[in-house]
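In what follows, a structure is listed as structure tokens, so that the remarks can point back to it.
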Amino acid sequence: MSSDQEEGKSGFRFVDKRRFDSSGNERRDAPKEEQVEIASTPSSSRPKAPELPEEKGPSPEPASGSSSGSSRAGSSIAQEPTGQNGQPTIDFNSFIISLATQALMQLGQIKPPEGMEMPVDKEAARQTIDIIDMLKKKTAGNLSKEEDRLLEEVLHNLKVNFVRAA
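For reference, each letter of the sequence shown is one residue, going 0 to 165 in our numbering.
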């Protein structure tokens, strides 16, 4: 092993992929093909909007009349790129909406799918709301305006629904 190090043959190959050199000038040998490939990939993987409504399952929007933030957030989820199984990829907004939907189901505000029984569990709903509130505190200053607004609206609506159910 020490003989390999002395000869300079370590088995690793380093490729400098930086676009600019140390003085700030653009390098002539900088790889440009990868940049074009990366830029074209996201636009080709975006699904068309009509694909989402064809999915089976109940929509949480009609059952929760007072959660206007959830309905706006649901439309933003429809625009997200899909993963390998055709399911939307997870991001912060869809994660918060998922937790909010779970809390509304625990409160009995959203009916479970047919053939599935879910009892009302106010304590579990309170814990889920507390988790969302904790996420709000821990991510303060690190969210986009849209994410922050969604978090505020979802928390407000969940707290109002919790008080009504109590």
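All C-beta atoms, glycine included, are put in the ideal place defined by N, C-alpha and C.
Neighbour-count burial assignment, residue i, 16 or more Cβ in a 10 Å radius
{"i": "residue 153", "result": "buried"}
{"i": "residue 92", "result": "buried"}
{"i": "residue 99", "result": "buried"}
{"i": "residue 94", "result": "exposed"}
{"i": "residue 86", "result": "exposed"}
{"i": "residue 96", "result": "buried"}
{"i": "residue 161", "result": "buried"}
{"i": "residue 124", "result": "buried"}
{"i": "residue 89", "result": "exposed"}
{"i": "residue 128", "result": "buried"}
{"i": "residue 108", "result": "buried"}
{"i": "residue 131", "result": "buried"}
{"i": "residue 55", "result": "For residue 55, the predicted structure reports a pLDDT of 38, less than 50, and the residue's modelled location is therefore unreliable. A value from the coordinates is still provided. Counting Cβ neighbours within 10 Å, residue 55 comes out exposed, since fewer than 16 surround it."}
{"i": "residue 15", "result": "exposed"}
Segment limits, alpha helix (DSSP H) that includes residue i
{"i": "residue 25", "result": "Here residue 25 belongs to no alpha helix (DSSP H), and DSSP marks it neither H nor E."}
{"i": "residue 117", "result": "Neither: residue 117 is in no alpha helix (DSSP H) and is coded neither H nor E."}
{"i": "residue 175", "result": "Residue 175 falls outside the range modelled here, since the chain spans only 0 to 165, and no answer is possible."}
{"i": "residue 100", "result": "91-106"}
Cβ of residue i within 8 angstroms of any chain E Cβ
{"i": "residue 125", "result": "Absent from the structure: chain E. Only one protein chain is present."}
According to DSSP, residues forming a beta bridge with residue i
{"i": "residue 111", "result": "Its beta-bridge partners do not exist; DSSP assigns none."}
{"i": "residue 19", "result": "25"}
Taking contact to mean at least 3 C-beta pairs separated by less than 8 angstroms, is the stretch 144-159 in contact with the stretch 97-111?
Yes, they touch.
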